[in-house]
Amino acid sequence: MKGEPAIRPEHLSELAALLQRTIGLDVRPGGLGALRLALEARSQELGAAFRGAGAYLETLQSEAGEEELRQLLPLVTVGKTSFFRDERQFAAVAALLPDLLARRRAEGGAVSIWSAACATGEEIYSLGMSALEAGARPRDVELLGSDVNPRAVAAAEAGRFEARRMREVRADLRHRYFEREGEAYSARQELRQLVRVQTHNLASGGYPSSRAGGWDLVFCRNILIYFDTATVQRVLSWLRSSMAPGGLLFLGYSESLFRVFDGFELTEVAGAFLYRRPAGAARQARRTARAPLAPQPPARQARAAPLQGPPVRTSEEELAGAAELLQGGRFVAARELLEGLLSRHPQDLALRLTLANLYSLLREPERARESYQAALAIEPLHAETHLFYGVERLGAGDAEAAAQALSRALFLDPDLVIGHYFLGRCREAQRDVQRARLSYANAIKAYQRNPGARRKPFLGYYPDLSEDGGALARSAAYALAAL
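What follows is the structure, encoded as structure tokens:
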């Protein structure tokens, strides 16, 4: 904003260090530009209350900074944005478009596509090129790109990209749809006239509608992971309502609706797993406030024809077999089963967390730590992963690492009663009585905010950890009385 001190490189490095320290989010040097965009977007939201990057960072690191950091986190789009990102999903778009175009032309309408987090525009222009390659004319397709960041939206609207960003675009497409302008490329009129962009916050509602009344294809990739479960469910409900019956939702590779929202049907198109809004008399979506986003199990899924087919088998059924072995005390057999399942489902967070916990039970701390770190690489913003890792580190005698992991879990989910309780135990191990008392008191308060309710089921299976918030609060009260 005019008159404010500039956002300097050291501010971005400090913010990156803060994110890593607070929630374990690893922002590499190449992601500092995204942090700049996030800071600029947040400064515009705060208006006169934003007193410069230095003062803002001081606020983030103060006792009152946690809530502000939660406001900033959805803007920290550290994921890579590029043209035609995820070849399988764009292969699916190419497979879907001919039939969609033919149907909409017969109806006298247009295919509607929304890139719901378009960033600087690479995705929406990739979709535009896909439509043109499928034979679309301007009247045949409606393309909308939206993003919460007004600077990113302005860049997308300009349709001008640095030459290095264009390396991912095939040479023939680059020549056909862009003009070279020095060290940059600008979209030609044929492509530019298809694309409309606007500022929109997915978490705030007020969703844009297509001219036909419902979106046929919605791209919303690598955004839901930044929201808490309640916000994810609201966003998914709103997205579903904005889509046409039979419309398809494209999520990021590490995102899944498994155990989060069941208003969509999982289907496979050209090797990509997508979520379809049921056609016809659509059932009412039931919201299940259970676990945060978990990676979608990509292997051994039942293969469904595009837009139809039987329910897809998930790893939950396979995990149940491992749980039965664990309940029977057959830990070695359970380990062999889980390791085999992970070889087929390497991105399945529930399997990986269950196996990590099992390694702890088998007194294999190195393998447990490696498994938890692999889980964090899959999903760095998953509160339970930090929680379980902290519990494992506490059991291994590393109270400092345990406290750090548990603090990260509680930043992501402040109502995690079990997290407060184990952090209290951590503080006792560190002989920090004052902070131990505070953690136990926080466990009791977290339970009192929602008395009588069981904690949402954990993602995975953990025979040695209680899910009962009341029991944990009572344990915290006993521990507090003993200090």
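Using the numbering used here, read the sequence shown as starting at 771 and increasing by one per residue.
Think of the CB as a built atom: it goes at the ideal place given N, C-alpha and C, for glycine as much as any other residue.
All values derive from a computational prediction rather than experimental measurement.
| Counting along the chain, where does the alpha helix (DSSP H) carrying F1255 start and finish? | Because the chain here runs from 771 to 1253, residue 1255 falls outside it and cannot be looked at.
| query | Can you check whether the CB of A1138 is closer than 7 angstroms to the CB of Y1129? | reply | Closer than 7 angstroms, so yes.
| query | So what's T999 in DSSP terms, helix, strand or just coil? | reply | Residue state, collapsed to three classes: helix.
| task | Compare the C-alpha of R1207 against each of S1011, A1246, R1046, A1103 and name the closest. | result | Nearest C-alpha to R1207: A1246.
| Relative to the C-alpha of P1150, which residue among L785, Q790, I777, L867 is closest? | Answer by Cα proximity: Q790.
| Cut-off 8 angstroms between Cβ atoms - residues of its own chain near A1059, not counting five sequence neighbours on either side | Here the model assigns A1059 a pLDDT of 33, short of 50, so the residue's position is not dependable, and the following value carries that caveat. So the list reads T999, A1000, Q1003, K1226, once near-sequence residues are dropped.
| field | Simplified DSSP assignment, three categories, for R1046 | value | Reduced to three states, the DSSP call for R1046 is strand.
| Straight-line CA distance for G1189 to E903? | CA-CA distance, G1189 to E903, rounds to 52 angstroms.
| field | Sequence-distant residues of the same chain with beta carbon closer than 6 angstroms to A1042, five excluded per side | value | For A1042, where only same-chain residues beyond five positions count, the Cβ hits under 6 angstroms are R858, Q859, A862.
| query | Do A1166 and Y1142 come within 7 angstroms of each other at the CB atom, strictly closer than that value? | reply | With contacts defined as CB atoms closer than 7 angstroms, Y1142 and A1166 fail to qualify as a contacting pair.
| request: Spell out a yes or no on whether the segment 864-884 and the segment 928-948 are touching, meaning 3 or more CB-CB pairs, one atom from each, closer than 8 angstroms. | output: Counting Cβ pairs under 8 angstroms, fewer than three are found: no touch.
| message | Whether or not the segment 984-991 and the segment 881-888 are in contact is what I'm after, with contact meaning three or more pairs of Cβ atoms, one per stretch, closer than 8 angstroms; do they touch? | response | These segments touch.
| request: Could you name each continuous alpha helix (DSSP H) segment of 4 residues or more that falls completely within the segment 773-843, going from the start of the chain to the end? | output: Inside the segment 773-843, DSSP marks whole alpha helix (DSSP H) runs of 4 or more residues at positions 779-793, 802-816, 823-830, 835-842, from first to last along the chain.
| said: Runs of 4 residues minimum, wholly inside the segment 1158-1209: which ones carry the alpha helix (DSSP H) assignment? | reply: Taken in chain order, the complete alpha helix (DSSP H) segments of 4 residues or longer contained in the segment 1158-1209 are 1169-1182, 1187-1199.
| Span of the alpha helix (DSSP H) holding Y1142? | Y1142 -> alpha helix (DSSP H) spans 1135-1148.
| request: Compare the C-alpha of G898 against each of Q963, Y1217, D1202 and name the closest. | output: For the residues Q963, Y1217, D1202, the minimum Cα distance to G898 belongs to Q963.
| query | Alpha carbon to alpha carbon, what distance is there between F854 and V848? | reply | Low per-residue confidence applies at V848: pLDDT is 43, beneath 50, and the placement is therefore not dependable, though the value from the model is reported in the following sentence. Using only the alpha carbons, I get a separation of about 18 angstroms.
| message | With distance defined between alpha-carbon atoms, name the residue in A926, R1010, V846 nearest to G891. | response | When only C-alpha atoms are compared, the closest one is A926.
| request: State yes or no: is the beta carbon of R909 nearer than 7 angstroms to at least one beta carbon in chain C? | output: The chain labelled as chain C is not found in the depicted structure, where only one protein chain is given.
| field | Nearest-angstrom Cα separation, counted from R1047 out to S981 | value | Correcting the residue identity first, residue 981 is Arg in this sequence and not Ser. Using only the alpha carbons, I get a separation of about 18 angstroms.
| task | Give the secondary structure of I883 by DSSP, where H, G and I count as helix, E and B as strand, and everything else as coil. | result | The DSSP-derived three-state label of I883 is strand.
| request: With a floor of 3 residues, list each beta strand (DSSP E) that falls wholly inside the segment 1084-1135, ordered by position along the chain. | output: List check, beta strand (DSSP E) in window: nothing returned.
| task | Specify whether the segment 778-785 and the segment 805-813 touch according to this definition: at least 3 beta carbon pairs, one from each stretch, less than 8 angstroms apart. | result | Touching, yes.
| said: Taking a contact to mean a Cβ-Cβ separation below 7 angstroms, would you say A973 touches G1016 in this structure? | reply: In this structure, A973 keeps its C-beta atom at 7 angstroms or more from the C-beta atom of G1016.
| query | When DSSP builds the beta bridges, which residues end up paired with Y955? | reply | Paired residue(s): F931, R950.
| request: Quick one: which unbroken beta strand (DSSP E) runs of 3-plus residues sit fully inside the segment 845-923? Chain order, please. | output: Taking only runs of at least 3 residues, the beta strand (DSSP E) segments lying wholly in the segment 845-923 are 881-885, 911-917.
| request: State the DSSP-derived secondary structure class of V1005, mapped to helix, strand or coil. | output: Here V1005 carries a helix assignment [DSSP, helix/strand/coil].
| request: For L1250, collect the residues of the same chain with a Cβ closer than 7 angstroms to its Cβ; drop the 5 residues on either side in sequence, then sort them by chain order. | output: Around L1250, the same chain offers R1207, Y1210, A1211 as residues with beta carbons nearer than 7 angstroms, after the five sequence neighbours per side are excluded.
| message | For a test of the three-state rule: what should DSSP assign to A982, helix, strand or coil? | response | In the structure shown, A982 falls within a coil segment according to DSSP collapsed to helix, strand and coil.
| field | Other residues of its chain near L827: CB distance less than 8 angstroms, five sequence neighbours each side excluded | value | Non-local C-beta neighbours of L827 in its own chain, meaning closer than 8 angstroms and more than five positions away in sequence, comprise H781, E784, L785, L788, ordered along the chain.
| field | Alpha-carbon to alpha-carbon, Q1117 and R1057 | value | Low confidence applies to R1057: its pLDDT is 34, below 50, so where it sits in the model is not reliable, and the reading given next is rough at best. Distance between the alpha carbons of R1057 and Q1117: 24 angstroms.
| request: With a threshold of 16 other CB atoms inside 10 Å of the CB of Y1248, please say whether the residue is buried or exposed. | output: Counting C-beta atoms within 10 angstroms of its own C-beta, Y1248 has fewer than 16 neighbours from the protein chains shown and is therefore classed as exposed.
| field | Alpha carbon of R1100 to alpha carbon of E1140, nearest angstrom | value | Cα to Cα, R1100 sits roughly 22 angstroms from E1140.
| query | In terms of alpha-carbon separation, which member of G1098, S852, G905, L1089 lies closest to S868? | reply | According to the sequence provided, residue 868 is Pro. The question's Ser does not apply to it. That would be G905, whose Cα lies nearest to the Cα of P868.
| request: Taking only the alpha-carbon atoms, compute the straight-line gap between E1136 and C1196 and give it to the nearest angstrom. | output: Across the structure, E1136 and C1196 are spaced so that their CA atoms are roughly 20 angstroms apart.
| task | Locate the beta strand (DSSP E) running through G1041, then write down its first and last residues. | result | Counting along the chain, G1041 sits inside no beta strand (DSSP E), nor does DSSP assign it H or E at all.
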